[in-house]
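Taking it in order: structure first as structure tokens, then the write-up.
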Ligand code: SAM
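Numbering (this note's numbering), first residue to last: 2 to 222.
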């Protein structure tokens, strides 16, 4: 069946390209020990983002949603020595776990974890911009708000990444058919995020279908 073939291809990809290593697996374990949700970026999506950041030679990025530091480690590694990641996390306990992950990965000099609501912290980060990249991976209903900020604070040639942009498999649906009170605003947020980037003449955007849907858009002008 189609499903078993897709599964076989996913297994093959992970086996061959090895998206994780001991340090990243420790992050997943650390998150589990702290009873944090297992919602790290998809392995292959994270790997792809790392490769793209390395190709582009980006040095300064923002991440919205640190969780335990899994994607932050991928990004900080890719930024290289002299690079810097500003990672925003509103749960102070999660932020502490993320800091520990960056310490253990030997990347703490390359990452600043900012504790607070992204809508407020981003305002403070504005003066440190413009940025080479911004990875949006927090509350889906606010993706359009984060996009407003990202569009203004990304340099030409920089990129906006958005995770979970398949909306947990529901992004294609007419909003009128979604009655779940949590899901509906999340899907609305992701739909708006995708179509705004797709239709913005200042960006060239696509969606990577590897895991949960990863939208990426490069600023043209
Ligand atoms: N990027 C992480 C990774 O791949 O390892 C996963 C991030 S997880 C999907 C989303 C995170 O966003 C959670 O840790 C949550 O506490 C945080 N978050 C949710 N709403 C937020 C907000 N308004 N401002 C900042 N962080 C928020």
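Even for Gly, the Cβ is constructed at its ideal location relative to N, Cα and C.
None of the values given here were measured: they were computed from a predicted structure.
Please work out which residues of its chain come closer than 6 Å, Cβ to Cβ, to residue i, disregarding the five sequence neighbours upstream and downstream, and give them in chain order.
i	result
residue 199	206
residue 51	75 and 79
residue 211	45 and 46
residue 151	135 and 161
Rounded to whole angstroms, what's the CA-CA distance from residue i to residue j? Just pull it up for me.
i	j	result
residue 185	residue 113	33 Å
residue 122	residue 144	15 Å
residue 85	residue 63	9 Å
residue 158	residue 133	7 Å
residue 131	residue 116	20 Å
residue 39	residue 187	18 Å
residue 37	residue 203	38 Å
residue 81	residue 22	18 Å
residue 219	residue 170	24 Å
residue 48	residue 35	25 Å
residue 174	residue 9	27 Å
residue 149	residue 125	15 Å
residue 59	residue 129	15 Å
residue 182	residue 83	44 Å
residue 104	residue 18	26 Å
residue 208	residue 57	18 Å
residue 6	residue 12	10 Å
residue 221	residue 53	16 Å
residue 26	residue 108	16 Å
residue 110	residue 140	27 Å
residue 142	residue 180	15 Å
residue 77	residue 156	19 Å
residue 197	residue 217	12 Å
residue 33	residue 3	32 Å
Residues bridged to residue i by DSSP?
i	result
residue 134	62 and 160
residue 218	161 and 206
residue 115	89
residue 155	132
So, at 8 Å on beta carbons, what are the nonlocal neighbours of residue i in its own chain, with the 5 sequence-adjacent residues on each side left out?
i	result
residue 67	73, 88, 89, 90, 95, 96, 99 and 114
residue 172	166, 188, 191, 192, 195 and 214
residue 176	185, 188, 189 and 192
Beta-carbon within less than 7 Å of residue i's beta-carbon, same chain only, minus the 5 sequence neighbours each way: which residues are those?
i	result
residue 42	71, 72, 138 and 164
residue 102	28, 31, 69, 70 and 74
residue 167	213 and 214
residue 146	120
residue 106	24 and 74
Give me the Cβ distance between residue i and residue j, rounded to the nearest whole Å; I'm assuming they're in contact under 8 Å.
i	j	result
residue 154	residue 127	6 Å
residue 15	residue 44	6 Å
Return yes when at least one heavy atom of the ligand FMN lies under 7 Å from the C-beta of residue i, else no.
i	result
residue 54	The model depicted lacks the ligand FMN and carries the ligand SAM instead.
Could you give the uninterrupted runs of the alpha helix (DSSP H) lying entirely in the segment 62-95, keeping only those of 4 residues or more? Listed in chain order, the complete alpha helix (DSSP H) runs (minimum 4 residues) inside the segment 62-95 are 71-80.
Mind pulling the alpha helix (DSSP H) runs of 4 or more residues that sit fully within the segment 4-45? Listed in chain order, they are 23-34.
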